[in-house]
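**Q**
Residue numbers (my numbering): 1 to 202.
(1) Are residue 29 and residue 57 touching if we call contact CB-CB under 7 Å?
(2) Where residue 134 and residue 114 are concerned, what is the direct C-alpha to C-alpha distance, given to the nearest angstrom?
(3) Going straight from the alpha carbon of residue 64 to that of residue 110, what length do you get?
(4) Within 10 angstroms of the Cβ of residue 67, are there 16 or more other Cβ atoms? Answer buried if so, exposed if not.
(5) So residue 25 and residue 61 are in contact, right, with Cβ under 8 Å, and what is the actual spacing, rounded?
(6) Assign residue 103 to buried or exposed, taking buried as 16 or more other Cβ atoms, counted over all protein chains shown, within 10 Å of its Cβ.
(7) What's the C-alpha gap between residue 136 and residue 127?
(8) Please indicate yes or no: does the CB of residue 130 lie closer than 6 Å to some heavy atom of the ligand NAD?
(9) Nearest-angstrom Cα distance between residue 120 and residue 139?
(10) Once the 5 residues before and after residue 116 are set aside, which same chain residues still bring their CB inside 8 Å of it?
(11) Does any residue of chain C have a CB that is nearer than 7 Å to the CB of residue 106?
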């Protein structure tokens, strides 16, 4: 009768082991940092801190790697012995980076929608301003012609451009400048974000 095989921990992904290692490593380094903070009052602290800190972190990493390699004999990944599969130098999935990428993707979508709105609305706003301005100018010219009928023939009345009309002209110019300045800038920003997403996904 064959001996019963010892039970092993079954994992689906090797990243789980790497994540556990990195979590333990970061925790140990945090504890080391806290211990150094408690010794700041000592005069020799600043002189020896960096060297001792690096040496202790290296020793701690080596010890943790040794523990994981010993434990790997009792772990399987997708049914395979993970002794030769552990690569503790490989970083696991970075959740912060993944969330950052998702945030950038949402910003890209929002930017596309905003650009579409501006392409639709700004020309219409400019068109309305110009139409109103032209109507006011034409009314001013008609009033000038009517006035000429009641004045001396040699007197010429030029159409008067009201301050409100001038303000509308200026507003139309500003809208045009905004359209010229905003859309290329947003397109450039969109291209930069697309490039960053492409680099991080590759």
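Even glycine gets a Cβ: it sits at the ideal position worked out from N, Cα and C. In this text the structure is predicted, and so the values were computed from the model without any measurement.
**A** In short, the structure shows the following:
(1) Translated into the one-based positions of the chain shown, residue 29 becomes position 29. Translated into the one-based positions of the chain shown, residue 57 becomes position 57. Cβ distance < 7 Å, so residue 29 and residue 57 count as in contact.
(2) Counting from one through the chain shown, the residue named residue 134 turns up at place 134. Counting from one through the chain shown, the residue named residue 114 turns up at place 114. Straight-line Cα distance between these residues: approximately 30 Å.
(3) Position 64 of the chain shown holds residue 64. Position 110 of the chain shown holds residue 110. Whole-angstrom Cα-Cα distance: 45 Å.
(4) The residue given as residue 67 occupies position 67 in the chain shown. By the neighbour-count rule (16 or more Cβ atoms within 10 Å), residue 67 is not buried but exposed.
(5) Locating residue 25 in the chain shown gives position 25, counting from the first residue. Locating residue 61 in the chain shown gives position 61, counting from the first residue. Contact between residue 25 and residue 61 holds: CB atoms are separated by about 6 Å, below the 8 Å threshold.
(6) Against the chain shown, residue 103 aligns to sequence position 103. It counts as exposed.
(7) Taking the first residue of the chain shown as 1, we reach residue 136 at position 136. Taking the first residue of the chain shown as 1, we reach residue 127 at position 127. When the Cα atoms are used, residue 136 and residue 127 turn out to be separated by approximately 14 Å.
(8) Questions concerning the ligand NAD fall outside what the structure shown contains, since it holds no ligand whatsoever.
(9) Here residue 120 is taken as the residue at index 120 of the chain shown, counted from 1. Here residue 139 is taken as the residue at index 139 of the chain shown, counted from 1. As the crow flies, the alpha-carbon of residue 120 is around 29 Å from that of residue 139.
(10) Taking the chain shown and counting its residues from 1, the one referred to as residue 116 is at position 116. Contacts found: none.
(11) The chain labelled as chain C is not found in the depicted structure, where only one protein chain is given.
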